[in-house]
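Chemist: Can you keep this structure in mind? I'll have questions shortly.
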């Protein structure tokens with residue numbers, strides 16, 4: 647599932663530094679796929695990894711975890727099972743992908759929230775099963791409490807991508823641009839906005855982006871461009887759902 651380790655390294659080096667008490671998140675997921683005439687929801691995290699600040703060299707630890715998840719993904723058919731409404735079958739490796747939370751998560755706040763919610767569940771008489779899913783709830787809590795340093799602009803249209811970039815560079819340059827099979831992710835580092843931060847959110851995010859998301863829609867009325875302040879992104883240098891994910895030079899896309 648790793649097609650270019652240099653791209654993985656470039657992606658990890660582009661992530662903001664980890665401060666004391668923070669971590670990064672990785673997950674191996676099964677992506678929505680069609681098997682014959684059966685549509686089965688495969689968007690489930692099968693493996694989760696937390697990379698904390700106290701690792702001796704956390705960026706190297708991050709890359710090792712990506713390698714680990716890639717090996718698991720390559721052998722998915724031997725390890726994982728997919729349960730549909732009428733079928734149980736092996737998970738094909740082409741249905742797997744590695745996603746990353748691109749913002750550092752606050753472990754102290756996430757732990758406090760997990761304890762608080764767990765106590766609430768106990769006092770409310772919750773069933774044992776949801777209480778026992780501690781790893782899932784811990785991971786979700788971590789993702790919720792992130793610093794939101796990197797924001798994501800997503801689109802599936804190359805023409806629309808060029809238009810987004812032309813508007814964006816009025817305020818800042820993209821931090822990185824990630825390309826997959828029919829989609830692009832523009833990652834914006836909020837600190838790079840400097841004195842244009844207020845202008846960026848007022849004119850670009852609340853203005854241009856909001857209008858574009860209403861104007862450009864697919865046949866089902868879903869926006870062709872969207873904005874997220876806490877994205878989960880496929881890892882560049884890996885194979886996501888059978889297709890390569892890459893970092894691309896944004897200047898060539900204008």
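Numbering (my numbering), first residue to last: 647 to 900. Heads up, the beta-carbon is just placed ideally off N, CA and C, and yes, glycines get one too.
Rounded to a whole number of angstroms, what is the C-alpha to C-alpha distance between residue 801 and residue 825?
Modeler: In a straight line, the C-alpha of residue 801 is about 10 Å away from that of residue 825.
Chemist: Going by the beta-carbon positions, is the gap between residue 647 and residue 716 smaller than 8 Å?
Modeler: Yes.
Chemist: Considering just the uninterrupted stretch of the alpha helix (DSSP H) at residue 809, what are its terminal residues?
Modeler: That run of the alpha helix (DSSP H) goes 804-814.
Chemist: What are the start and end residues of each continuous beta strand (DSSP E) run of 3 or more residues lying completely inside the segment 682-760, in chain order?
Modeler: Runs of the beta strand (DSSP E) inside the segment 682-760: 684-686, 690-698, 727-729, 734-736, 742-752.
Chemist: With DSSP as the reference, identify every bridge partner of residue 800, one or two as the case may be.
Modeler: BP columns for residue 800 point to 831, 872.
Chemist: When DSSP labels each residue in this structure, what does residue 778 get in the three-state scheme?
Modeler: Residue state, collapsed to three classes: helix.
Chemist: Starting from residue 660, trace the beta strand (DSSP E) both ways and give me its first and last residue.
Modeler: Segment 651-660 is the alpha helix (DSSP H) holding residue 660; no beta strand (DSSP E) there.
Chemist: Using only the alpha-carbon positions, how far apart do residue 868 and residue 842 sit?
Modeler: C-alpha separation (whole angstroms): 30 Å.
Chemist: Should residue 741 be labelled buried (16 or more other beta-carbon atoms within 10 Å of its own) or exposed?
Modeler: Buried: at least 16 other Cβ atoms inside 10 Å.
Chemist: Output needed for residue 890: all residues of its chain with C-beta closer than 6 Å, excluding positions within five of it in sequence on either side, in chain order.
Modeler: Only 649 meet the Cβ criterion.
Chemist: Can you name, in chain order, every residue of its own chain whose Cβ lies under 6 Å from the Cβ of residue 855, other than the five neighbours on each side?
Modeler: Hits under 6 Å: 873.
Chemist: Hey, how far is the Cα of residue 758 from the Cα of residue 777?
Modeler: About 16 Å.
Chemist: Just curious, the alpha helix (DSSP H) that residue 860 is in, first and last residue?
Modeler: Segment 856-861, the alpha helix (DSSP H) holding residue 860.
Chemist: Taking all protein chains shown into account, do 16 or more other C-beta atoms lie within 10 angstroms of the C-beta of residue 663, making it buried, or fewer, making it exposed?
Modeler: Answer is exposed; the Cβ neighbour count stays below 16.
Chemist: Can you list, in chain order, the residues of its chain whose CB lies under 6 Å from that of residue 792, leaving out five sequence neighbours each side?
Modeler: Result list for residue 792: 749, 751, 876, in chain order.
Chemist: Quick one: is residue 711 buried, meaning 16 or more other Cβ sit within 10 Å of its Cβ, or exposed?
Modeler: Residue 711 is buried by the Cβ-count criterion.
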